[in-house]
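Each remark here refers to the structure printed beneath this line.
Chains as they are written, first to last, in our numbering: chain A, 95 to 145; chain B, 18 to 187; chain C, 105 to 779.
Pasting the structure below:
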């Protein structure tokens with residue numbers, strides 16, 4: 095279904111990078127009971143990677 | 018059985034001869050109490066042979082002292098039972114040392130309680146500290162009497178003696 | 105992390121005490137035992153207080169300072185409470201000291217008001233000392249608080265891990281140990297962020313788009329509500345199911361109880377019979393005494409007498425041939441004994457006549473012959489007495505032995521009945537219990553039905569959302585910001601989906617790894633042909649192997665505990681393996697953890713305690729066990745004596761006198777491995 099993908103493709107590399115950075119961010123905050131601000135961190139990562 | 022007046026014929030059993038004896042609580046205990054022996058005279062015989070075996074016949078205080086301790090049994094009780102008659106005659110003989118005693122009723126009546134009283138003391142010694150039912154203690158003691166000797170040899174000796182007397186109407 | 109020493113000052117009932125931990129190959133177990141209430145749980149809390157400022161006391165949680173110290177202080181004075189934990193981790197020797205000052209406010213204030221609470225973390229490495237600034241983070245990196253429930257383990261909760269519907273706890277444990285939590289959180293957070301981007305998309309998009317997105321949000325909200333309700337229903341269902349199971353256990357207890365009572369009644373009747381038989385035998389013994397007892401006792405008398413009579417016979421004292429017949433023949437022949445002729449009515453004739461039947465010699469002879477005649481009887485009666493007595497005694501002994509055995513059986517049954525009756529508490533009758541079970545069963549079914557209905561509603565709404573999303577997808581939004589937001593949303597969703605897939609896959613892999621250890625450990629100790637397994641749904645199940653198939657069995661408490669311990673052990677092992685091999689993977693963190701267990705023996709029977717004692721030392725490189733004295737003594741002590749490196753005993757003084765307060769001293773005991 096081409097309509098869905100136009101403008102919507104993400105390269106494998108893009109997604110892989112996002113994944114790596116998100117997991118790293120989570121890992122850093124893993125040992126905290128409440129990982130404060132993690133959502134903002136993830137949002138920022140995605141904004142940076144996709145623009 | 019010859020009928021004779023009392024006292025003139027010492028050789029025959031008369032229904033009037035009594036055996037006075039020292040009657041302690043043990044008699045009651047062993048008959049009505051623990052129902053080991055059936056009659057008082059059974060107890061007396063046991064005590065008597067016990068005394069012959071292990072003790073000494075008493076010469077004083079064998080007829081009973083205080084109230085309730087003076088017992089009396091007819092001699093026919095002993096003569097009526099063939100084992101007991103044999104025992105009583107033997108005791109009389111052993112005590113007096115002469116054969117006439119075997120057939121002398123008055124001697125019997127005298128000797129039985131002497132041995133019975135001696136037997137009371139032996140009983141006390143042997144079974145005095147048994148609490149409650151002495152059945153097992155008495156049974157074990159009686160059993161040990163057999164083991165003390167050599168039963169086989171003894172039986173053989175008795176058989177020999179018996180045969181010696183055969184031909185005499187035995 | 106390798107524990108070295110724990111020191112306590114004024115911490116609950118410990119005024120000034122410390123424990124050193126065993127480590128190393130072979131003797132890696134530290135055991136501390138004491139009476140109930142002497143402080144084992146306090147010790148467990150000392151760990152978590154030092155590391156995380158977290159305690160979980162059943163009684164007086166706010167009273168941290170030692171009562172005796174508070175009592176001795178004056179109002180206004182402060183008591184210092186401190187716990188120091190020394191351990192080694194990745195080449196560094198750490199010292200963690202948490203201190204809290206409690207000010208006594210008034211004469212009868214035992215809690216105190218807390219002032220100045222502080223934790224100091226330092227380590228020595230290569231001889232140099234360093235102070236750690238971000239204490240909380242550092243400690244959480246060494247042994248995360250989320251794992252503390254696993255490694256500082258209250259054994260009385262151990263049941264829960266392998267409990268019937270605790271797959272959540274198992275999943276959680278698996279996630280936590282591997283840091284898979286990262287994946288789970290990432291998914292959740294990405295979904296949230298995706299939602300934010302969708303809102304942004306809507307913001308820059310058309311009214312139509314906004315409308316659709318709003319509808320989607322509304323539906324999502326409704327689904328959340330329905331999900332919550334469904335979870336509640338599910339919990340309700342589980343609760344009722346457990347209650348039904350409890351009642352059924354009670355009911356089977358009633359069955360067992362009546363069966364055992366009948367059995368016991370039978371045994372008692374048999375005992376009575378045997379006792380009557382024994383009385384019978386004793387009576388027979390008495391008969392023997394009465395009838396034949398004279399014989400053995402009078403043997404000497406009879407023998408001696410017989411011998412002497414025989415002698416008399418030999419000497420002619422007992423005439424051997426003077427009988428009535430002879431006398432008659434003399435009279436007939438009118439001859440005297442001496443041989444002279446007799447004349448009737450002569451004195452001699454009279455004498456002989458009168459001798460008949462009453463010659464003294466004849467009376468004696470009669471008596472003698474009577475005695476001799478009894479000899480056989482005496483011999484026979486003597487042997488008969490012995491023979492019969494032995495028979496009776498043997499018979500009586502046999503019966504007595506049977507009685508002794510019966511008494512043992514009766515005793516066992518009574519004990520078992522006692523336990524069963526304890527379990528069947530309450531005053532309900534069987535009928536009442538059955539009625540209640542039916543009610544609860546009905547309620548459970550209702551909850552299940554409700555849950556299904558809710559699930560259906562959720563599915564419908566999800567379908568609606570699906571349709572909305574399709575519609576949203578179909579919209580072509582022109583603004584660049586909108587398109588960008590849309591792309592970001594999609595990216596977040598895709599990455600989330602990938603990670604979630606990976607997460608599920610890894611959980612299963614860890615589950616399989618865990619299973620290897622679990623079945624190995626369980627198989628090595630549990631009796632019968634049982635084996636344990638964590639299913640794909642993360643339920644811990646125990647199976648019995650039959651020739652043609654496998655059957656799930658109801659776990660006994662002992663088996664549940666063994667399985668739970670095996671599971672925890674497997675996690676520790678996996679964590680260690682990961683730590684040693686993976687280094688710095690994306691999500692596997694791993695680590696080397698000790699196991700500190702409070703009362704892992706619970707209410708187990710001796711053979712299960714023995715089995716648990718065997719596997720405990722193998723679960724982790726360092727194992728610390730707290731137990732009550734009665735749990736420790738016996739099979740546990742026997743099994744563990746080889747592996748105990750440090751042995752401590754709580755010496756508890758309840759302080760019952762006036763002016764006295766509860767206080768525990770920790771005393772070190774000798775171990776075979778002390779050197």
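Where a beta carbon is used, it is the ideal one built from N, C-alpha and C, also for glycine. The model shown is predicted, which means the values in this text are computed figures rather than measured ones.
Not a single C-beta of chain C is nearer than 8 Å to the C-beta of residue 37(B). Flagged as an interface residue toward chain C: residue 172(B), by a C-beta distance shorter than 8 Å. Only buried fits residue 544(C), as 16 or more other CB atoms lie within 10 angstroms of its CB. Separation of residue 604(C) and residue 740(C) (C-alpha to C-alpha, rounded to the nearest whole angstrom) is 44 Å. Flagged as an interface residue toward chain B: residue 410(C), by a C-beta distance shorter than 8 Å.
Considered as a whole, the region 650-684 of chain C harbours 654-656 as its complete beta strand (DSSP E) runs of no fewer than 3 residues, in chain order.
In the three-state reduction of the DSSP assignment, residue 86(B) falls in the coil class, being assigned neither a helical nor a strand state. Residue 116(C) is not a Cβ neighbour of residue 148(C), given a cutoff of 8 Å. The region 619-626 of chain C and the region 592-603 of chain C do not touch, with fewer than 3 CB-CB distances between them shorter than 8 Å. Nearest to residue 71(B) by C-alpha distance, out of 521(C), 467(C), 405(C), 542(C), is 405(C). Listed in chain order, the non-local C-beta contacts of residue 198(C) below 6 Å within the same chain comprise 191, 227, local neighbours out to five positions each way being set aside. For residue 490(C), the nearest beta carbon of chain B is closer than 8 Å to its own beta carbon. With a threshold of 8 Å between beta carbons, residue 594(C) makes contact with chain A.
Between the region 392-399 of chain C and the region 488-506 of chain C, the count of C-beta pairs closer than 8 Å reaches three or more; the two stretches touch.
The Cβ-Cβ distance between residue 125(C) and residue 750(C) falls below 8 Å.
Proximity of the region 509-522 of chain C to the region 374-391 of chain C meets the contact definition, three or more beta-carbon pairs being nearer than 8 Å. Look at residue 721(C) here: in three-state DSSP terms it is helix. A distance below 8 Å separates the beta carbons of residue 146(C) and residue 118(C). Judged by their CB atoms, residue 155(C) and residue 281(C) are not nearer to each other than the 8 Å cut-off. For residue 738(C), same chain residues with a beta-carbon under 8 Å away, outside a window of 5 residues either side, are 710, 713 in chain order. Ranked by Cα distance from residue 100(B), the options 538(C), 361(C), 256(C), 476(C) are led by 476(C). Along the region 112-123 of chain B, the positions whose C-beta sits under 8 Å from a C-beta of chain C are 116, 117, 119, 120, read in chain order. Among the CB atoms of chain A, none fall inside 8 Å of the CB of residue 679(C). CA-to-CA, the gap between residue 602(C) and residue 639(C) works out to about 24 Å. Cα atoms of residue 731(C) and residue 721(C): separation of roughly 15 Å, rounded to the nearest angstrom.
In the structure shown, residue 190(C) adopts extended strand secondary structure according to DSSP, grouped into three states. Taking 8 Å as the upper bound on Cβ-Cβ separation, chain A lies near residues 283, 285, 286, 287, 289, 290 of the region 271-290 of chain C.
Residue 116(A) sits away from residue 144(A), with the two beta carbons spaced by 8 Å or more. Rounded to the nearest angstrom, the gap between the Cα atoms of residue 305(C) and residue 348(C) is 52 Å. For residue 150(B), the closest of 171(B), 34(B), 46(B) by C-alpha to C-alpha distance is 46(B). In the structure shown, residue 183(C) falls within a strand segment according to DSSP collapsed to helix, strand and coil. The C-alpha of residue 480(C) lies about 22 Å from the C-alpha of residue 156(B).
When CB distances to chain A are screened at a threshold of 8 Å, the residues of the region 596-618 of chain C falling below it are 596, 598, 599, 602, 603, in chain order. Pairing residue 317(C) with residue 563(C), the inter-Cα distance amounts to about 19 Å. For residue 236(C), the closest Cβ of chain A is not nearer than 8 Å. With its beta carbon less than 8 Å from one in chain C, residue 113(A) belongs to the interface.
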